[in-house]
Amino acid sequence: MAIAVAVPDRMKKKFEPKPIDASMRRGWSTPYGFVDFTTPVSYEEAVRVAKIVADRTQKQ
Numbered sequence: 001m002a003i004a005v006a007v008p009d010r011m012k013k014k015f016e017p018k019p020i021d022a023s024m025r026r027g028w029s030t031p032y033g034f035v036d037f038t039t040p041v042s043y044e045e046a047v048r049v050a051k052i053v054a055d056r057t058q059k060q
């Protein structure tokens, strides 16, 4: 037996098309560790952000 449930629009999975540029991804493995973004970014941007985060979180 199955039960049908109405899912509110705010909870439905949103379709995200793949970026047109193949060099853009949401997750990158950088020399500073893996970085995950909510929007696709280039490798250069991922390295820049990862370096900033690594510098701020580095133990002193």
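Numbering (my numbering), first residue to last: 1 to 60. Beta carbons: idealized from backbone N, C-alpha and C, even for Gly. Just so we're clear, the structure is a prediction, and the values are computed from it rather than from any experiment.
* Buried/exposed call for residue 22, threshold 16 Cβ in 10 Å -> Residue mapping note: residue 22 aligns to position 22 of the sequence shown, counting from 1. Flag for residue 22 reads exposed.
* By the 10 Å Cβ neighbour count, where 16 or more other Cβ atoms means buried, how is residue 4 classified, buried or exposed? -> On the sequence shown, position 4 is the one that residue 4 refers to. By the 10 Å Cβ count, residue 4 comes out exposed.
* For residue 21, does the three-state DSSP call read helix, strand or coil? -> For the purposes of this step, residue 21 is identified with residue 21 of the sequence shown, where counting begins at 1. Three-state result, residue 21: coil.
* From residue 46 to residue 59, what does the alpha carbon distance come to, in whole angstroms? -> Position 46 of the sequence shown holds residue 46. Position 59 of the sequence shown holds residue 59. So the two alpha carbons sit approximately 21 Å from each other.
* To do: Please go through the same chain and pick out, in chain order, the residues whose beta-carbon is closer than 6 Å to the beta-carbon of residue 55, but skip the five residues on each side of it.
  => Taking the first residue of the sequence shown as 1, we reach residue 55 at position 55. Nothing meets the Cβ criterion.
* From what residue to what residue does the alpha helix (DSSP H) around residue 35 run? -> Sequence index remark: in the sequence shown, residue 35 carries index 35 (1-based). Taken as a continuous stretch (DSSP letters only), residue 35 belongs to no alpha helix (DSSP H), being part of the beta strand (DSSP E) at 33-41.
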